[in-house]
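Engineer: Before I ask anything, let me first share the structure, which is written out below as structure tokens.
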Amino acid sequence: MAEASVELFVVGAGPAYTDRLGATGAAYLVRSAATSILLDLGQGSFPRLTAGIDPSALDAILISHLHPDHFIDLVALRHYLRYGLATPRRMRVSGPAGLAGRLDALHAEPGFAAAALDCTDLAEGPQAIGDFVVEARLVTHTAESYAFRVATTGSQRGLVYSGDCGRAADLAPLIHPGDTLLCEVSFGPGPVPAGAQHLDGPAVGELASSTGIREVLLTHLQMGFDRDATIASVRDRFDGPIRIVDPGDRIGL
């Protein structure tokens, strides 16, 4: 039986700050014919999301950690769901503990998030969302940060998304041979400054070569780092397909 067609739409791929026009915050739409889930929703990414899907049609949103470049456009989504539709809608959002409280505190309004968002706490392990099985795993970054593996039910191949991660080995248990790795490479060809809790190209390349990854999609590259040198630093250790993704990219999985 042929595996279900799955597409990755890169809504945003930028880091916390950048001088590159259009480099909006992290947001990745993964969809099959029947199910659409969003991984993160960082700054400025909501407008491009609307170009790929009616946001109210999402089946779920998963937030990797509570840094604004990964969740702050939930504010725009909340407003859209409440005021932008003829009939207000609600959205399922799973993230680290305290996500709703962060949004409420931003507006000094208890219940701000709950007006349109059904926020639940993430935990390690798999959960079924429509066509997909999504597995979450804690990684080194903030006190509670997650990476995800997304695969259609019964598929041998999936997408592993690093979120922000300070230790490549934390991602290895999520990876199945043949998966696509969507991985932060914040510090380009490296090295990563002590205590930064992010990855560089050599770390990503070593992870990919040791786990049987099919292809590597690099993201979250900070300003000041050369794209070609970053790709080369991964290719020194991994001989499969490698590319840096940009907002607007559509990639078949």
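Following the working numbering, the residues of the sequence shown are numbered contiguously, the last one being 288. Note that beta-carbon positions come from the ideal geometry of N, C-alpha and C, so glycine has one too.
#1: Please report the straight-line C-alpha distance between residue 235 and residue 77, rounded to a whole angstrom.
#2: Near residue 288, what residues of its chain come up, given a Cβ to Cβ distance below 6 angstroms and the 5 sequence neighbours on each side ignored?
#3: What are the uninterrupted segments assigned as beta strand (DSSP E) that are 3 or more residues long and contained completely in the stretch 199–277, given in chain order?
#4: Nearest to residue 162 by CA position, among 141, 110, 140, 188, is which residue?
#5: Kindly provide the ranges of any alpha helix (DSSP H) runs that are 4 or more residues long and lie completely inside the stretch 39–102, ordered along the chain.
#6: Going by other Cβ atoms of all chains shown within 10 Å of its Cβ, with 16 needed for buried, is residue 255 buried or exposed?
#7: So which of 54, 207, 134, 88 has the shortest CA-CA distance to residue 100?
#8: Under a Cβ-count criterion, where at least 16 other Cβ atoms within 10 Å of its own Cβ denotes burial, should residue 159 be classed as buried or exposed?
#9: In this structure, what does DSSP give as the bridge partners for residue 110?
#10: So, for residue 284: in the same chain, excluding its five sequence neighbours on each side, which residues have a beta-carbon less than 7 angstroms away from its beta-carbon?
#11: Return the residue from the list 68, 69, 81, 70 that minimises the CA-CA distance to residue 282.
#12: Look at residue 165 and residue 181 and say whether their C-beta atoms are less than 8 angstroms apart.
#13: Buried or exposed: residue 213, going by 16 or more other Cβ atoms within 10 Å of its Cβ?
#14: Taking Cβ positions, are residue 128 and residue 153 nearer each other than 8 angstroms?
#15: Touch check for the stretch 266–273 and the stretch 47–63: three-plus C-beta pairs under 8 angstroms?
#16: Roughly how many angstroms lie between the CA atoms of residue 229 and residue 71, to the nearest whole one?
Structural biologist: Let me lay it out:
#1: On the sequence shown, residue 235 is found 200 positions in, with the first residue counted as 1. On the sequence shown, residue 77 is found 42 positions in, with the first residue counted as 1. Computed Cα separation, rounded: 21 angstroms.
#2: Locating residue 288 in the sequence shown gives position 253, where the first residue counts as 1. Same-chain partners within the cutoff: 41, 43, 194, 215.
#3: For the stretch 199–277, whole beta strand (DSSP E) runs of length 3 or above, ordered along the chain, are 215–219, 250–254.
#4: Locating residue 162 in the sequence shown gives position 127, counting from the first residue. For the residues 141, 110, 140, 188, the minimum Cα distance to residue 162 belongs to 188.
#5: 81–87
#6: For the purposes of this step, residue 255 is taken as the residue at position 220 of the sequence shown. With 16 or more Cβ atoms within 10 Å of its Cβ, residue 255 is classed as buried.
#7: Taking the sequence shown and counting its residues from 1, one reaches residue 100 at position 65. Closest by alpha carbon: 134.
#8: Working through the sequence shown from its first residue, we reach residue 159 at position 124. Counting Cβ neighbours within 10 Å, residue 159 comes out exposed, since fewer than 16 surround it.
#9: Looking up residue 110 in the sequence shown gives position 75. DSSP lists no partner for residue 110.
#10: Here residue 284 refers to the residue found at position 249 when the sequence shown is read from its first residue. Taken in chain order, the residues that qualify are 45.
#11: Residue 282 sits at position 247 when you count from the first residue of the sequence shown. Nearest in C-alpha terms to residue 282, of all of 68, 69, 81, 70, is 81.
#12: Within the sequence shown, residue 165 is the residue found at index 130, counting from 1. Within the sequence shown, residue 181 is the residue found at index 146, counting from 1. No, these two residues do not count as a Cβ contact at 8 angstroms.
#13: Taking the sequence shown and counting its residues from 1, the one referred to as residue 213 is at position 178. The residue in question, residue 213, is exposed, as its Cβ has fewer than 16 Cβ neighbours within 10 Å.
#14: Start at 1 with the first residue of the sequence shown, and residue 128 comes out as number 93. Start at 1 with the first residue of the sequence shown, and residue 153 comes out as number 118. Yes, the Cβ-Cβ distance between residue 128 and residue 153 is below 8 angstroms.
#15: no
#16: In the sequence shown, residue 229 corresponds to position 194, counting from 1. In the sequence shown, residue 71 corresponds to position 36, counting from 1. Near 37 angstroms, if we compare the C-alpha coordinates of residue 71 and residue 229.
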